[in-house]
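One structure is given below, encoded as structure tokens.
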RNA sequence: GGGGAAGUGGCGAAAUGGUAUACGCAGUCGCCUCAAAAGCGACCGAGUGAGAGCUCAUGUGGGUUCGAGUCCCACCUUCCCCA
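In the numbering used here, the protein residues as written are 913 to 1740.
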């Protein structure tokens, strides 16, 4: 009909957002007396355009923030930009745009888009990590870490990405490939800056045990990444050569089964051996040369395990047995000690190697019953009972490990030790678009950190981007400087910091974002920290989330902030958003842009779809068909509520309305079911608002049905539900909710209102459906008053022909009664 | 190879060990309309039956239980992490 008023979502959404902005309703105050709640989404990289995949993440965080605000918390919900990084530099090389220009343009656009989806961020706290206001504190932290011996420079074999032309941290190498560009990573020896995260391994591990608000998956990944293993380090003498070869093993109980020692070609003992073994020199050097160009990936995974004998023998310190020393491709110099003892009988890799090269396989562990005997067809890697092991025969693996370790220690040959897989965090990057490392090298004073009053070391503008070499290293005006200590000529470190340094502490800067004298105020930060709910994808499990924990522990240790040393109390891993079966991304060309979606369907409908289509931790397929259901929902809300908006206010929300009949009770119940769902999904931190939105559907279906009654407009129950509608919709469809609230004549925003507490009286039902089972199968459903007694229920059940038919001729053995739910009659 | 998560209608999915398939999409039918769209209403797992019903169905096969989508074991498939 022409009279039908359709809801103009474009106009309403625009005007609501303008009002929120004008009134600053999402600004968090430090002195607010209500309990604090810090909800944070991982800060985005400003790649240029926001797509609906980003929107999925922010819509969930926003619903969590809004519902907490309505439930009486002082919510801080900030947003900013992880603005340093390679794409900006690549744009500069390819298109001649300054990285800063490219980045700031992108930020402007994405800021507009994040606002466009109706998020409730406190923009007064916005930050961009590429601005000197921010990165000067990266430098400040670097110097503090340096002073404490936690930042150091050393030459080491490092991961070099030949495409991005920079080194990478271990965490940024995935299966031997660069995490960003996918190129096979090479090994290079370079002098680089490291942060000593290894000093914190035990605390990082211990903290994980307490983080029960984190997914187990992520905790396990971090534990595995840290890779703690306890074992023994001991050394072999080399026969007739002045050298020792140190090895680490977690299975010292198998040491009588060692039939060879495998070393990396670069191991220092190899050179000494070759001096004595000239005959072997040629084949060893040839072998070493063949590996020179191979990446770590190839050596440890792609290539067959192979090697050549050096001709020298190691002496097993316990058995005095002589075993050959082999140079192999699968032992790497920079892992562990660069050498391993080869126990083919009890290690799969050694078994494979021994088979190939005809080395003996000596079984020294058998199953507890002693049944497992040579010849072995595969390595037996489990613990068991020792055989062929001198005085340790008959011991169990665990006991033998202790006994042998003690013996080696007593001999002065070894000691129990703990090894970790994690290595120190390499933070130098040979790139331009990052935080300059605040270090000066002086011929007289050596390595000198830039003093605080000379920070920031500004990133120079107008440098040349050729794609060849580091732009800062080529910039003489930047590199050449004077020594802060003696004033003589000196040079700056030409590298920039890993951008993960930026994101290691940004969540504290948000709390005091404009402080010009320090990174943040201790009192303010301590009041807001830790982050109560952190939201982001699982891809950062061993990168950002590990670095940030380390950084925060350091900050707590230094007294920059007080309280627990874990920064993120709860972590929620959002599922990915797929489109046509693939991850949505620019490079795949399958992006649904946010502007497009908002223009076509509206913000509220888009948000509701992202919440409704799947639980938030699941991957979600974006479909253009599914969202029409949410567009319809928004229109249905409007058609039901708008005509009654003014009248609805006459029925107060602080108590249940007059309910004239069952229909009214059902309608009011539907409202309270939805209120209850929103509350419990939030309090349990499950955030399954897909269920809450289904309850909203049921509510609107009920309301639409109720409005068909002739006197519906005057019905207090109808008015009450319409009056409450903006509140229950507010976290999920914030625009239409606020618009309706205004139509009701309220001056303030619905987003500053209190969530209505679900009322048990409203949730209660007049009549329950009791399921009657016979031998576990549903045979009847009977309507009864809540609280019906078992005997009464049984009597009713025995009047149902479908029940008695099943019992006929049998004896009732047992009755199981679940009050108000079910009666199971067991008959045989 | 090791570890983890998941598998439910045509599709997205719901379900404290207690009515499997809520809610939405798609579809079918009806009302409204000159017609269509929109809207409103009804139906919508499979088989069987005139019908009340009955049988089967949550990847496959076992098990625990009065009762299993849910817990346990094995297997298959997919995804993720580590090597």
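Note that beta-carbon positions come from the ideal geometry of N, C-alpha and C, so glycine has one too.
Is residue i helix, strand or coil when you go by DSSP?
i, result
"residue 1636", "helix"
"residue 913", "The predicted model places residue 913 with a pLDDT of 32, which falls under 50 and marks its position as unreliable, so this point remains unresolved."
"residue 1559", "helix"
"residue 1086", "strand"
"residue 1102", "strand"
"residue 1277", "strand"
"residue 918", "coil"
"residue 1785", "This structure leaves residue 1785 out entirely; the chain is present only between 913 and 1740."
"residue 1646", "helix"
"residue 1305", "coil"
"residue 1058", "helix"
"residue 1329", "strand"
So residue i and residue j are supposed to be a Cβ contact under 8 angstroms. How far apart are they, rounded?
i, j, result
"residue 1291", "residue 1312", "Rounded, the Cβ-Cβ distance is 18 angstroms, inconsistent with contact."
"residue 1015", "residue 947", "37 angstroms between Cβ atoms; not a contact."
"residue 971", "residue 1522", "5 angstroms"
"residue 1002", "residue 960", "That pair is no contact at about 12 angstroms."
"residue 1557", "residue 1510", "Their Cβ separation, rounded to whole angstroms, is 25 angstroms, which puts residue 1557 and residue 1510 out of contact at 8 angstroms."
"residue 1314", "residue 1229", "Not quite, the Cβ-Cβ distance comes to about 17 angstroms (not below 8 angstroms), so this is no contact."
"residue 1524", "residue 1544", "Contact doesn't hold; Cβ gap of about 12 angstroms is too wide."
Given that a residue counts as buried once 16 or more other Cβ atoms are within 10 Å of its Cβ, and exposed if not, what is residue i?
i, result
"residue 1597", "exposed"
"residue 992", "buried"
"residue 1782", "Nothing can be reported for residue 1782: it is not among the residues displayed for the chain, which extend from 913 to 1740."
"residue 1398", "exposed"
"residue 1517", "buried"
"residue 1370", "exposed"
"residue 1101", "exposed"
"residue 1701", "exposed"
"residue 1426", "exposed"
"residue 1442", "buried"
"residue 1346", "buried"
"residue 964", "buried"
"residue 1675", "exposed"
"residue 1730", "exposed"
"residue 1368", "buried"
At the level of alpha carbons, what is the spacing between residue i and residue j?
i, j, result
"residue 1336", "residue 1360", "21 angstroms"
"residue 1060", "residue 1050", "15 angstroms"
"residue 1727", "residue 1600", "36 angstroms"
"residue 1663", "residue 974", "12 angstroms"
"residue 1617", "residue 918", "19 angstroms"
"residue 1387", "residue 1405", "12 angstroms"
"residue 1378", "residue 1098", "22 angstroms"
"residue 1107", "residue 1063", "5 angstroms"
"residue 941", "residue 1008", "43 angstroms"
"residue 1607", "residue 1138", "44 angstroms"
"residue 916", "residue 1570", "With a pLDDT of 48 at residue 916, under the threshold of 50, the modelled position of this residue cannot be trusted; read the value that follows with caution. One C-alpha to the other measures close to 30 angstroms."
"residue 1200", "residue 1079", "24 angstroms"
"residue 1579", "residue 1631", "11 angstroms"
"residue 1686", "residue 1697", "21 angstroms"
"residue 1240", "residue 1520", "58 angstroms"
"residue 1577", "residue 1549", "20 angstroms"
"residue 1005", "residue 1375", "11 angstroms"
"residue 1382", "residue 1407", "8 angstroms"
"residue 1356", "residue 1394", "11 angstroms"
"residue 1297", "residue 1283", "10 angstroms"
"residue 1459", "residue 1112", "11 angstroms"
"residue 1716", "residue 1679", "24 angstroms"
"residue 979", "residue 1561", "22 angstroms"
"residue 995", "residue 1331", "36 angstroms"
As a quick exercise: from the options, pick the residue whose alpha carbon is nearest that of residue i.
i, options, result
"residue 1167", "1579, 1362, 1138, 1234", "1234"
"residue 1602", "1535, 1567, 1530, 1536", "1530"
"residue 1612", "1546, 1652, 1137", "1546"
"residue 1144", "1171, 1159, 1480, 956", "1159"
"residue 1420", "1444, 1408, 1407, 1487", "1444"
"residue 1348", "1372, 1333, 987", "1372"
"residue 1552", "1460, 1496, 1124, 1649", "1649"
"residue 1126", "1501, 1334, 1482", "1482"
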